[in-house]
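Chains as they are written, first to last, in the numbering used here: chain A, 1 to 463; chain B, 1001 to 1245.
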């Protein structure tokens, strides 16, 4: 069997797999380290375990209970958000928080404490996880909730699968009248305009997110389109569903790895220009089904293959409002100088809604996500520079999308790292976790070196 | 099939079938060996929309219990109009060659227990002059090969039994559907290297229900196996016996 890949297909590692079948089964006893692995939608190495074993959770895909009166769903950790939507939407319930793909498991959504277009109001996925069962390699089983084993609850939400195996979870869904979203698109000319229109939109819109043109330079740096919307009110209840809405992504597929010459500065540039100018510079309003609104890329099955077999690197950071304008400008400029620009770049504001997860990534400020085709050392250097710029701005980088952040940055981004480390299961690890905890760099020593210390050489960052 | 007895409900193909039946709003009586696992499948089916789900944990190799088991299913669902017989073991060919006990265990589970259950069920369905009996067999029953002929023999014998049963029950409006999956990606085959011929349990379950709805006789799922087995069956025995299959 081919070794599982992460969504960015970088790095490539060798590991063994162990499929899980029943939630009541004991964990396997293995010589190496293990790591739960759902659908592998994390982009970098947080869902990989070089030299160890991946516990494949896709066989834990059973529902346990769903109460259409309260919207509480209990299911095994390998159940996907897609499966929950199929069950819940016809009964008037929706996910309280959803990332940009519905092809992630509940276990993965907890492990990465995922966020979505409603972060400014709703916070992260972890806030809606009422309880879950955590199985440890010592054979213990704990039901964790805000008022029951609260420490394990806090460590596991955003805990990157390292605290043990989540076998099942209970999630509070959110009521909707119908599956439609009233969406508005607002063009903005630069970063300042984005910040203004994004903050204004937060008051009246549950969902906001912006696409940014990464090729724009000078005064136009940060121009793009802001999408904002709300679930449609009851008067749209009886609207017929278009057939395409029900296909659930069985549409286009990328049938093979695209050769790398398909993506070049010219094609990315043309795409971005067309995308921006499609709008004619005016706001547009329309009614759409939730599927294309929340999951536009799910319609293209295996879209990561457009980057070819070398894959790509994602980068997502959040920077506080105080430094956002300058830091984002610098990050966007650095990335547009980096050779191949980002194909799809996304800006979004995060609110101050706290997460129960100790290691949760989202925090108040502005988040920017970009992807870069893997062109080797040049790309690594670029992403490492972006990591450094983020750190200097007092921000944080998202582990689920990272393959290059430094161990020192990680410690700066996640102040509860040391406390969390005490909850990591001794038989669990990941390529990411080892990269963040290189044996040759004791953290006591690193703390003394302070924030101004030089970046560790890339040899430390090897998996 | 609205009121369905599923035998071996914790097997991967049966679980996938149960999900599809549950989504259609069928009533289900689930039978499996492990009570905890059976409970997991039952709650999944109930959550996905089954009109009713009842279950019983029992080892189907206990033939004496079959009559009571079928009674229980009829009573619980207020009658039955469908059966999916899905229990079975792959066995270990090398072990079976060394030991009669291992061979007998495969034959008991795959052939004898199925025959015992079908004897009871066929009489009930014949009397009510309605119903669909769906039995999961295997392409391995089409021709004996050195790599798994004990398993193959258990399924081949089952196929012949089902042919006779179909012939007998045709006049009573009872459909007997023999489903022959090829390679399926399940815990039963977790140890085998996978190739493009492996189908998902979900795909097999869809093929199974299509065949049941159409009251088909013998079906290969996925359909490509009809062609593959046609070729395999047409190789002359004088040649076949020298092949490494």
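A virtual CB, placed ideally from N, CA and C, is assigned to each residue, including glycine. Predicted, not measured: the structure shown is a model, and the values here were computed from it.
So, does the CB of residue i fall closer than 8 Å to a CB anywhere in chain A?
i                       : result
residue 1190 of chain B : yes
residue 1108 of chain B : no
residue 1048 of chain B : yes
residue 1195 of chain B : no
residue 1181 of chain B : no
residue 1210 of chain B : no
residue 1245 of chain B : no
residue 1040 of chain B : yes
residue 1237 of chain B : no
residue 1126 of chain B : no
residue 1037 of chain B : yes
residue 1222 of chain B : no
residue 1187 of chain B : yes
Do we get a CB-CB distance below 8 Å when we pair residue i with the residues of chain B?
i                      : result
residue 85 of chain A  : no
residue 130 of chain A : no
residue 4 of chain A   : no
residue 65 of chain A  : yes
residue 388 of chain A : no
residue 19 of chain A  : yes
residue 152 of chain A : no
residue 7 of chain A   : no
residue 80 of chain A  : no
residue 24 of chain A  : yes
residue 62 of chain A  : yes
In terms of alpha-carbon separation, which member of the options lies closest to residue i?
i                       : options                           : result
residue 1027 of chain B : B/1009, B/1046 and B/1157         : B/1046
residue 1035 of chain B : A/34, A/25 and A/43               : A/25
residue 420 of chain A  : A/9, A/130, A/152 and A/105       : A/152
residue 1088 of chain B : B/1165, B/1206, B/1024 and B/1151 : B/1151
residue 413 of chain A  : A/426, A/376, A/132 and A/395     : A/395
residue 1107 of chain B : B/1222, B/1228, B/1211 and B/1156 : B/1156
residue 286 of chain A  : A/186, A/43, A/67 and A/405       : A/186
residue 121 of chain A  : A/437, A/291, A/208 and A/72      : A/208
residue 234 of chain A  : A/298, A/218, A/199 and A/181     : A/181
residue 1163 of chain B : B/1242, B/1216 and B/1062         : B/1216
residue 439 of chain A  : A/16, A/138, A/219 and A/407      : A/407
residue 176 of chain A  : A/219, A/68 and A/134             : A/68
residue 218 of chain A  : A/228, A/189, A/227 and A/230     : A/189
residue 485 of chain A  : A/213, A/362, A/289 and A/148     : Residue 485 of chain A falls outside the range modelled here, since chain A spans only 1 to 463, and no answer is possible.
residue 147 of chain A  : A/48, A/72, A/378 and A/132       : A/132
residue 357 of chain A  : A/306, A/124, A/203 and A/425     : A/124
residue 1214 of chain B : B/1063, B/1179 and B/1233         : B/1179
residue 1135 of chain B : B/1101, B/1219, B/1039 and B/1032 : B/1219
residue 223 of chain A  : A/325, A/13 and A/74              : A/325
residue 1016 of chain B : B/1212, B/1229, B/1205 and B/1242 : B/1205
Could you give the C-beta distance for residue i and residue j, rounded to a whole number, given that I count them as a contact under 8 Å?
i                       : j                       : result
residue 1086 of chain B : residue 1007 of chain B : 6 Å
residue 366 of chain A  : residue 347 of chain A  : 7 Å
residue 18 of chain A   : residue 4 of chain A    : Contact flag wrong, Cβ pair sits at about 12 Å.
residue 1201 of chain B : residue 1013 of chain B : 5 Å
residue 163 of chain A  : residue 424 of chain A  : 6 Å
residue 72 of chain A   : residue 130 of chain A  : 7 Å
residue 1025 of chain B : residue 1057 of chain B : The pair is not a contact, with the Cβ atoms about 25 Å apart (cut-off 8 Å).
residue 160 of chain A  : residue 432 of chain A  : 7 Å
Take the Cβ of residue i as the centre, count every other Cβ of all protein chains shown within 10 Å, and call the residue buried at 16 or more, exposed below.
i                       : result
residue 1037 of chain B : buried
residue 1173 of chain B : exposed
residue 1104 of chain B : exposed
residue 1235 of chain B : exposed
residue 448 of chain A  : For residue 448 of chain A, the predicted structure reports a pLDDT of 45, less than 50, and the residue's modelled location is therefore unreliable. A value from the coordinates is still provided. With fewer than 16 other Cβ atoms within 10 Å, it is exposed.
residue 127 of chain A  : buried
residue 205 of chain A  : buried
residue 966 of chain B  : Absent from the structure is residue 966 of chain B, since the part of chain B shown begins at 1001 and ends at 1245.
residue 179 of chain A  : buried
residue 212 of chain A  : buried
residue 1224 of chain B : exposed
residue 244 of chain A  : Note on residue 244 of chain A: pLDDT 42, under 50, position unreliable in the model; no value is reported.
residue 156 of chain A  : buried
For the alpha helix (DSSP H) containing residue i, name the first residue and the last one.
i                      : result
residue 202 of chain A : 191 to 204
residue 413 of chain A : 407 to 413
The beta strand (DSSP E) with residue i in it runs from where to where?
i                       : result
residue 226 of chain A  : 224 to 231
residue 1221 of chain B : 1218 to 1221
residue 1151 of chain B : Taken as a continuous stretch (DSSP letters only), residue 1151 of chain B belongs to no beta strand (DSSP E), being part of the alpha helix (DSSP H) at 1149 to 1169.
residue 105 of chain A  : Note, residue 105 of chain A: premise wrong, no beta strand (DSSP E); not H, not E.
residue 1085 of chain B : 1082 to 1085
Quick one: list the residues of chain D neighbouring residue i, beta-carbon separation under 8 Å, in chain order.
i                       : result
residue 1043 of chain B : Structure shown: chain D not included; protein chains present are A and B.
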